[in-house]
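Using our numbering, read the sequence shown as starting at 53 and increasing by one per residue.
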Amino acid sequence: MTSAFNAHSLQNCTVVVTGATGGIGLAIVAAAISDGAFVIACGRNKEKLEALSTKFEGDIHPLCYDVTDEAAIKNAFQCVQRGASANQWPALYGLVNAAGAMTESKLAMTSTKMLQQQMMINFYSPYYHTQIASRLMSRYKAGSIVNIVSQVSEQGCSGMSAYSASKAALTGATKSLAKELATTGIRVNAVAPGFIDTPLTAHYDESAKQSVYERTVLRRGGTTKEVANAVLYLLSPRASYTTGHVLPVDGQFCP
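See below:
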């Protein structure tokens, strides 16, 4: 089975984006569409997904489900495949695992439930999505998967051990799956943002932000568009000889 994927852009490609209504997810959706992709936007917030669908009408299909529910994930990809088979949209080429949650908690205060939640959203969810997406992509011997990890998993951060561990797990899976899926024509990479101005970091007061900026070579926080640009490069055929890598987008953070 073959598909006429574009060799230079995401034209004639369907891309699944989880966490599509979050700060980084929204920017990734916009970037993918601007490069010609049809986007399957996945998330839990029905109202935000409907607003996104209205904004990008004709270039997007919203899917509202719990991204940690394995059965719901299977149903989502069945929908993706049905739509492609019915020529509602192109064949699946890309997956961006952008859904995530960041919990700050000292070791002594981290409950089993909190730890499980971090692992479920930040590791199990992208792993399940990748598992099913790769089956569909392998039919066409082409595909690209990009995971959103974090510089925290590389550098460490006091009070964020559970979050750091969950993202480190995804980083490890990224590198291993790049080797495992290479024979099927699927590339697997990751983007590791530093401090990005999103709703997840909105609770930081100005003094806390300045403390981070002072340890960043570029002396500022990053933007969601800067993260999306990095994702778009790795996702698209422009990075056809790149797999198993983690691209930092952190202004060179120095802990």
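Yeah, the Cβ is synthetic: ideal placement off N, Cα and C, and Gly gets one too. The model shown is predicted, which means the values in this text are computed figures rather than measured ones.
For a quick check, are the C-beta atoms of V204 and V148 less than 8 Å apart? Cβ atoms of V204 and V148: not closer than 8 Å.
DSSP beta-bridge partners for P300? According to DSSP, which records beta bridges pairwise, P300 is partnered with A244.
For H113, write down the residues that DSSP places opposite it in a beta bridge. When beta bridges are read from the DSSP output, H113 appears opposite I92.
Residues near K277 in its chain [Cβ-Cβ closer than 6 Å; skip 5 each side]: Contacts found: A79.
Residues of its chain near G303, where Cβ-Cβ distance is below 7 Å and the 5 sequence neighbours each way are ignored: The residues are G246, T268, V269, L270, R272 and G274.
Go to T164, then tell me how far its alpha helix (DSSP H) extends in each direction, as first and last residue. T164 -> alpha helix (DSSP H) spans T164 to M171.
Cβ-Cβ distance between L252 and M189 below 8 Å: Going by C-beta atoms, L252 is not nearer than 8 Å to M189.
Compute every distance between the C-beta of A282 and the non-hydrogen atoms of the ligand FAD, then say whether any falls below 7 Å. Although the ligand FAD was asked about, the structure shown includes no ligands whatsoever.
So L62 and G146 are supposed to be a Cβ contact under 8 Å. How far apart are they, rounded? Approximately 7 Å separates the beta-carbon atoms of L62 and G146; this is inside 8 Å, confirming the contact.
Note down, one range per segment and in chain order, each beta strand (DSSP E) of at least 3 residues found wholly within the segment 197–264. Runs found: 238–245.
Quick one, which of G224, K165 and S288 has its alpha-carbon nearest N64's? When only C-alpha atoms are compared, the closest one is S288.
L111 and I85 look like a contact to me (Cβ under 8 Å); what is the Cβ gap, rounded to whole Å? Sequence inspection shows Asp at residue 111; the Leu mentioned does not correspond to that position. Taking a contact as a CB-CB distance under 8 Å, the pair D111 and I85 counts as one, their CB atoms being some 5 Å apart.
Roughly how many angstroms separate the alpha carbons of E102 and C116, rounded to a whole number? Their Cα atoms are separated by approximately 9 Å.
Under 7 Å Cβ to Cβ from G71, same chain only, skipping five residues before and after it: list those, please. Only G77, G95, A150, A151 and G152 meet the Cβ criterion.
Simplified DSSP state of N281, which is helix, strand or coil: In the three-state scheme derived from DSSP, where H, G and I count as helix and E and B as strand, N281 is classed as helix.
Determine which residues share a DSSP beta bridge with G274 and list them. DSSP, once it has assigned bridges, lists I248 as partnering G274.
Using three-state DSSP, classify G23 as helix, strand or coil. Given a span of 53 to 307 for the chain in the structure shown, any question on residue 23 remains unanswerable.
With a threshold of 16 other CB atoms inside 10 Å of the CB of G237, please say whether the residue is buried or exposed. Answer is exposed; the Cβ neighbour count stays below 16.
Sorted by chain position, which residues of the same chain lie with C-beta nearer than 6 Å to I309's C-beta, five sequence neighbours on each side aside? Outside the displayed span of the chain (53 to 307) sits residue 309, for which this structure offers no information.
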